[in-house]
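If you read the sequence shown in my numbering, its first letter stands for residue 10, the second for the next number, and so on.
No residue lacks a Cβ here, since even glycine has one placed at the ideal position from N, Cα and C.
Working notes, beginning with the structure itself.
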Amino acid sequence: MYILMGIMQFGLIFAAYLTVNNAVREGARWGSISVYDTSDSASENDETRQDGVVARIIAGRGILNMPAVGATATSNFDSGDGTWAAGVVADDCFNQSPTPYSAVKDGDFTICYTIPADLAGESDARRGYYMEVTAWYHQQIFVPLLDMFLPDDPTKSAGEQGSWIRLPGRVTVVIN
Numbered sequence: 010m011y012i013l014m015g016i017m018q019f020g021l022i023f024a025a026y027l028t029v030n031n032a033v034r035e036g037a038r039w040g041s042i043s044v045y046d047t048s049d050s051a052s053e054n055d056e057t058r059q060d061g062v063v064a065r066i067i068a069g070r071g072i073l074n075m076p077a078v079g080a081t082a083t084s085n086f087d088s089g090d091g092t093w094a095a096g097v098v099a100d101d102c103f104n105q106s107p108t109p110y111s112a113v114k115d116g117d118f119t120i121c122y123t124i125p126a127d128l129a130g131e132s133d134a135r136r137g138y139y140m141e142v143t144a145w146y147h148q149q150i151f152v153p154l155l156d157m158f159l160p161d162d163p164t165k166s167a168g169e170q171g172s173w174i175r176l177p178g179r180v181t182v183v184i185n
């Protein structure tokens, strides 16, 4: 019985992992070709790009429980409130070489911008920058023995029912 439950749990985890990664790739693809609007400031263009990335990730969620931006967060996913806050580059960005230029966070989303070494200085359009997109999905584990072999979700409190793992979706693209 436990073997069958373990197989089912692994299937659910793997399906969620693939879905999150595919959704993040779709969002990052859109962000890499987002058109720079010269009538807006660089920060307004960044926010438009970031909001578009998040919208594509949520649209590509498939069967996963990801609410729309501004909706009540579920135990599986926090889509944020649409307000981007500055992140800590050393903590929030996975790729650290070269060192990221900036990081922003909203809910379970993080977007980091990195200036490649061969680019001369900053660019308002961010053309040629690396954009790392990360989204975290929280999966509950229902098989009692599996939680010993899987890492705990650091964002879930000890009082929450059951064991949780955090599944990352992460991709780095070049902004065109």
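Presumed contact (8 Å Cβ cut-off) between residue i and residue j, rounded CB distance
i                 : j             : result
phenylalanine 103 : arginine 34   : The pair is not a contact, with the Cβ atoms about 15 Å apart (cut-off 8 Å).
alanine 144       : isoleucine 66 : 6 Å
Three-way DSSP call (helix, strand, coil) for residue i in this model
i             : result
serine 172    : strand
glutamate 141 : strand
threonine 92  : coil
glutamine 149 : strand
valine 44     : coil
valine 63     : helix
methionine 10 : coil
Counterpart residues of residue i in DSSP-defined beta bridges
i             : result
tyrosine 26   : According to DSSP, tyrosine 26 bridges with nothing at all.
glycine 178   : Ala144
threonine 119 : Lys114 and Thr143
valine 183    : Tyr139
Sub-8 Å separation of residue i and residue j beta-carbons
i            : j              : result
serine 88    : alanine 99     : no
tyrosine 138 : isoleucine 124 : yes
alanine 112  : aspartate 101  : yes
C-beta neighbour in chain D for residue i, strict 8 Å
i           : result
glycine 178 : Annotation note: the requested chain D is absent from the structure, which comprises a single protein chain.
Endpoints, alpha helix (DSSP H) assigned at residue i
i         : result
valine 98 : 98 to 101
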